[in-house]
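**Q** Per numbering that gives the first Met the number 0, the sequence shown runs over residues 0 to 237. Here it is, the structure, as C-alpha cells.
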Amino acid sequence: MSTVQEKYPLIPVTVPPNCDFQDHVATFAIEMSLIHNVFIRGLNSMWHNAPRVKSEHEASFVGYCLSWVWLMHDHHEGEETIIFPFLETKFPMQHNVDAHHEFLDGLNNFEAYMKRVQNKEEAYDGAKVRTLLDSFADVLVKHLQDEIETLTPDHMKEYDVNELNAMLKVHTDHIQTLSWVTSLSFVLHHNDTRIAPNWPPIPTPIMWTIRNVAYWRHSDYWMFAPFSRPGPPQEYNP
Numbered sequence: 000m001s002t003v004q005e006k007y008p009l010i011p012v013t014v015p016p017n018c019d020f021q022d023h024v025a026t027f028a029i030e031m032s033l034i035h036n037v038f039i040r041g042l043n044s045m046w047h048n049a050p051r052v053k054s055e056h057e058a059s060f061v062g063y064c065l066s067w068v069w070l071m072h073d074h075h076e077g078e079e080t081i082i083f084p085f086l087e088t089k090f091p092m093q094h095n096v097d098a099h100h101e102f103l104d105g106l107n108n109f110e111a112y113m114k115r116v117q118n119k120e121e122a123y124d125g126a127k128v129r130t131l132l133d134s135f136a137d138v139l140v141k142h143l144q145d146e147i148e149t150l151t152p153d154h155m156k157e158y159d160v161n162e163l164n165a166m167l168k169v170h171t172d173h174i175q176t177l178s179w180v181t182s183l184s185f186v187l188h189h190n191d192t193r194i195a196p197n198w199p200p201i202p203t204p205i206m207w208t209i210r211n212v213a214y215w216r217h218s219d220y221w222m223f224a225p226f227s228r229p230g231p232p233q234e235y236n237p
C-alpha cells in the first residue's frame, strides 16, 4: 500500500523471501501480478491527483500520465507478440487478447487528450481526466486481475521449462528496449519494495543507473508516483 487512496483494488500477491525470479514456473504469476499492480497504482494516482494538480505542475502530470500510457502499450505489445503466442500452444489465450481491445478505445482517447494538452491544443481539465479514466479503467483492472489465473504454476508446469525460459528471455530483451527515463523509472516508482524488495529482477548496475541517473531526466513526473526514489511511500502535496 501507499498513501494514495486506492480507488481500484490491487491484486493480492505474496512474494516469498529470497524469491527466485529465474524459476519462471513458480514465479511467472507473481511477476505478472507485480507489474499489473504497477499499472493499477498508476491508475489510482492519476485518478486521485487529477483534480488536485496545481497549474505549474500540469505539464509534469501530463508527462506522468503519458509515461503510464506508453508503458501500458509496450506491456500489451509484449504479451500479444511474445507471451500469448507461446502460451496458446497449451491453453487458449485469445480471450486475453480480446480483453485488450475492450479498453483500447478508452485508453487511446485518454492518450489523445493528454497529447493535446501537452501540445497546448487543449486546456488541462482534472474533471475530464477522471471522466476519461472512468471510461476504461474498470474494464482494464478486471482484465489485469483475471489474466493472472491463466499464468498459475499449475499452468506453467505444462510447458517445457527450457522453451518457457527461452520465450521469457525474448520478453526480457523486449523489456530492456524500454525507455529508462520514462517506462522503467515508472515501474520503480510504482513497486512497493516492502512487498517485493528484489523486483524487478534487473542487474544491479542497471537498477542503480535508473534510480540515480535516469530518474533526473523527468524527476518532476515522479512527484505524482506513490513511492519515492528511495522506496518509501509518498503523496503529491499541492
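Cβ atoms here follow ideal geometry from the backbone N, Cα and C, with glycine treated the same way.
1. Nearest-angstrom Cα distance between Arg115 and Phe135?
2. Can you tell me the Cβ-Cβ gap for Phe90 and His154, rounded? I've got them flagged as a contact below 8 Å.
3. I'd like the span of the alpha helix (DSSP H) that includes Thr130, first residue to last.
4. Using the Cα positions of Val210 and Ser218, report the straight-line distance between them to the nearest angstrom.
5. Using a Cβ distance threshold of 8 Å, determine whether the region 137-144 contacts the region 47-64, with at least three qualifying pairs required.
6. Enumerate in chain order the residues of its own chain whose CB-to-CB distance from Leu33 is below 7 Å, with the five nearest sequence positions on each side excluded.
7. Which of helix, strand or coil does DSSP assign to Pro204?
8. Leaving out the 5 sequence neighbours to the left and right, which residues in its chain are closer than 8 Å to Val160 when beta-carbon positions are compared?
9. Going by DSSP in three states, Phe85 sits in which element: helix, strand or coil?
10. To the nearest angstrom, how far is it from the Cα of Thr2 to the Cα of Phe38?
11. Taking its Cβ as the centre, do 16 or more other Cβ atoms sit within 10 Å of Pro212, making it buried, or is it exposed?
**A** To lay it out plainly:
1. Against the sequence shown, residue 115 aligns to sequence position 116. Against the sequence shown, residue 135 aligns to sequence position 136. Going from the Cα of Arg115 to the Cα of Phe135 covers about 19 Å.
2. Taking the first residue of the sequence shown as 1, we reach residue 90 at position 91. Taking the first residue of the sequence shown as 1, we reach residue 154 at position 155. About 6 Å separates the two Cβ atoms, so the contact holds.
3. For this step, residue 130 is matched to residue 131 along the sequence shown. It spans 125-133 - the alpha helix (DSSP H) in which Thr130 sits, taken as one unbroken run.
4. As a position in the sequence shown, residue 210 is number 211, starting the count at 1. As a position in the sequence shown, residue 218 is number 219, starting the count at 1. The amino acid occupying residue 210 in the given sequence is Arg; Val does not appear at that position. Taking the straight line from one Cα to the other gives about 10 Å.
5. With a cut-off of 8 Å, the region 47-64 and the region 137-144 do not count as touching, because too few Cβ pairs lie within range.
6. In the sequence shown, residue 33 corresponds to position 34, counting from 1. Excluding positions up to five away in sequence, the list reads Val12, Asn190, Ala195, Trp198.
7. To locate residue 204, count along the sequence shown from 1; it is residue 205. If DSSP states are grouped into helix, strand and coil, Pro204 belongs with the helices.
8. The sequence position of residue 160 within the sequence shown is 161, counting from 1. Once the five neighbours on either side are set aside, the close Cβ partners of Val160 are His23, Val24.
9. If you number the sequence shown from 1, residue 85 lands on position 86. Helix.
10. The sequence position of residue 2 within the sequence shown is 3, counting from 1. The sequence position of residue 38 within the sequence shown is 39, counting from 1. Low confidence applies to Thr2: its pLDDT is 48, below 50, so where it sits in the model is not reliable enough to give any reading.
11. Numbered from 1 along the sequence shown, position 213 holds the residue referred to as residue 212. The amino acid at residue 212 is misidentified as Pro; the sequence shows Val. Val212 is exposed by the Cβ-count criterion.
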